[in-house]
Structure formats: structure tokens, C-alpha cells
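Data block below; observations after.
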Amino acid sequence: MSQNPAYSGILADAKASPEFKSIFLDLGCCSEYFLSILISCTGDIQPPHLVGSDVRKLALDGYPPSNIIGCDLRSTYIDLGHELYQDSSETCRIRFITGDMFDIPLNTVEVEYREVSEITTLVQLIGRVKYLYVGAVFHLFDENTQLAIAQRLARLVSREEGVVIFGRHQGSEIPTLLHDHLGRKRFGHNPESWRKMWQDAFTQTDGEAYIRSHVIVNAELSSSHTLHGIPIAHRQLTWSVHLGW
């Protein structure tokens, strides 16, 4: 997370005002994809960054922990994070929840307001998130499903100046299906196709005029990639989506 160019600007915004209340959501905070890579490369079954370390570093770097939410599909790695950092849901000021991003509806729904400390589902965050990080998630799915995910993330974020959705995952120089040893249909975007996907997502949620005025997508494909010093064969797509006026 901290290696993304958008990170420093988010921290600067958080430190600019003592009244800062913007919500930061890490969706997939304990991503299992890198876990499978590290198991095959090192035999390490509990790599620290898979158990909520990114959001803990975010808090350490100065983002108010009471405004940070980490969400994963399963509670197992969240529990491992509490064990590793010797804290708990009662003592850790960061809010950790479990949830499935596909539960986020595309239609308008009434959502009861809750304080961050009382949030239990992703649906309760619709329209409230200012900063949304999604690392090592998109490349697990095919092209159409990635668009469906982007549409749902667009529903989560607020429509205010400075909103950022950002992340990184496996990409491809040419948009294509990725090799997968488990036989899954996974799609790799390049920067151009990635920008178009987000434009399509916001067009469907907000209309074409909105994307022309408010949506900026940055994306860069790395020439090589390492993970904790381990060379990784695939190329990494680092990206950010900014909403501005």
C-alpha cells in the first residue's frame, strides 16, 4: 500500500486538519493471493503483510486509526493479525470486519448511519468511503467480473473532492487471460484497458458526463516485480482513481 504514489497525498490530507474524519477502507486487507505465492516460494504460511499490517502501518504513519476499516472475506487472517500484533477487536482502534464485495448492491438502497466503530458490513459504508485500497484482488477474476467489482467500489466511495481508489495487482502488457496453475479464468489489464474499465464503471453508476468532469485514472505497469526480495514473474499494475472537480 505505502509504495503506491497516491499514499503520500492521502497521509498529507489526513494530517492537514485535527478534525479529519474521512474513512479509509482496505478491501481485501488479508489477500490470500500473495499468501499462495509465499507458501510456494518460502513455505511461510503467515506472512505479516497478509494479516492487516498495511492498515496498521497507515495508522503508524499518521492516519487516525479510528477512521480506518480493514475488510476481508474470512476472519481467519484477521484473527492471525490480532495474534501477531498482540491486540484484539477490543484494544485495536482500527475496525476490522468480514464482508463480500459482491454483496454491495448496484441499485440505490437506504443505509442506516453508523459510527465507524459500529460498522459490521460493507453495505453500511455505501457512499461514505473517501480512500479505498484494493491490493491483489482484481486479478483473481475474469474481465467482466472485474468490471462488476469496479462498479461496486464506485458505490462505496463518496462524491466529494479528493476521493481516491487505489491499489496494485498482476497486469499484462497486452490485455489477456493470465496463466493460472489452478485453471481459473483470470484477466490481466494493461494501463489503457484499466483506465477504460474504470470509465465504464463510473459511466454505468454516474453517467458519461460525470466521468469527463470528475474521474482521473492513473496506471503504470512495472517492468519487473519483487515481493520481500523474491523475484516474481508477473508484471505489476499500480494504479489510482481520483475523483475531483
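The sequence shown begins at 23 in the numbering used here and counts up by one.
Glycine is no exception: its CB is placed at the ideal position from the N, C-alpha and C atoms.
CB contact flag (Gln226, Gln173, <8 Å): yes
Using only the alpha-carbon positions, how far apart do Ile229 and Gln258 sit? This sequence places Gly at residue 229; Ile is not what is there. Approximately 30 Å, taken between the alpha carbons.
Pull up the CB-CB distance for His104 and Cys114, whole angstroms please, since I reckon it's below 8 Å. 7 Å
Please classify Val131 as buried or exposed, where buried requires at least 16 neighbouring CB atoms within 10 angstroms. exposed
His161, buried or exposed, once every other Cβ within 10 Å from all chains shown has been counted against 16: buried
Which whole-angstrom value is the C-beta distance of Gly74 and Ile100, which I expect to be below 8 Å? 6 Å
I'd like the list of long-range same chain contacts for Arg96, defined as Cβ closer than 7 Å, with 5 residues on each side in sequence excluded. Thr120
Opening and closing residue of the beta strand (DSSP E) in which Arg257 lies: 257-265
C-alpha distance - Val151 paired with Leu199, whole-angstrom precision: 31 Å
Provide the residue(s) that pair with His191 in DSSP beta bridges, ordered along the chain. Leu259
Count the C-beta pairs between the segment 212-223 and the segment 189-197 that are closer than 8 Å, then say yes if the count reaches three, no if not. yes
Could you round the C-beta distance between Met15 and Ile171 to whole angstroms and report it? I think they count as a contact, below 8 Å. Nothing can be reported for residue 15: it is not among the residues displayed for the chain, which extend from 23 to 267.
For Leu128, count neighbouring C-beta atoms within 10 Å of its own C-beta (all shown protein chains included) and say buried if the count is 16 or more, exposed if not. exposed
Collapsed DSSP secondary structure at Arg206 in the structure displayed: coil
Can you have a look at Ser62 and say buried or exposed, based on whether 16 or more other CB atoms are within 10 angstroms of its CB? For Ser62, the pLDDT reaches just 43, beneath the cut-off of 50, and the residue's location in the model is therefore unreliable, although a value from the coordinates is still provided. By the neighbour-count rule (16 or more Cβ atoms within 10 Å), Ser62 is not buried but exposed.
Entirely enclosed beta strand (DSSP E) segments - the segment 103-162, minimum 3 residues: 117-120, 151-157
Alpha-carbon spacing of Asn89 relative to Arg217, whole angstroms: 29 Å
Looking at the unbroken beta strand (DSSP E) that takes in Ala38, where does it start and where does it end? No beta strand (DSSP E) contains Ala38, which DSSP labels as neither H nor E.
Between the C-alpha atoms of Ile148 and Ser180, what's the straight-line distance to the nearest angstrom? 8 Å
Chain-order list of residues whose beta-carbon lies under 7 Å from that of Trp267 (same chain, five-residue window excluded): Glu183, His236
Going along the chain, which residues of its own chain have a beta-carbon closer than 6 Å to the beta-carbon of Asp164, five neighbours each way excluded? Lys207, Phe209
Would Val156 pass as a contact of Leu49 if the rule is Cβ separation under 8 Å? yes
Which two residues bound the contiguous beta strand (DSSP E) that contains Val179? That residue, Val179, is in no beta strand (DSSP E); it is neither H nor E in DSSP.
Within 10 Å of its beta-carbon, does Ala158 have 16 or more other beta-carbons around it, so buried, or fewer, so exposed? buried
Taking the alpha carbon of Ala28 as the reference point, which residue from Ser244, Val239, His256 has its own alpha carbon closest? Val239
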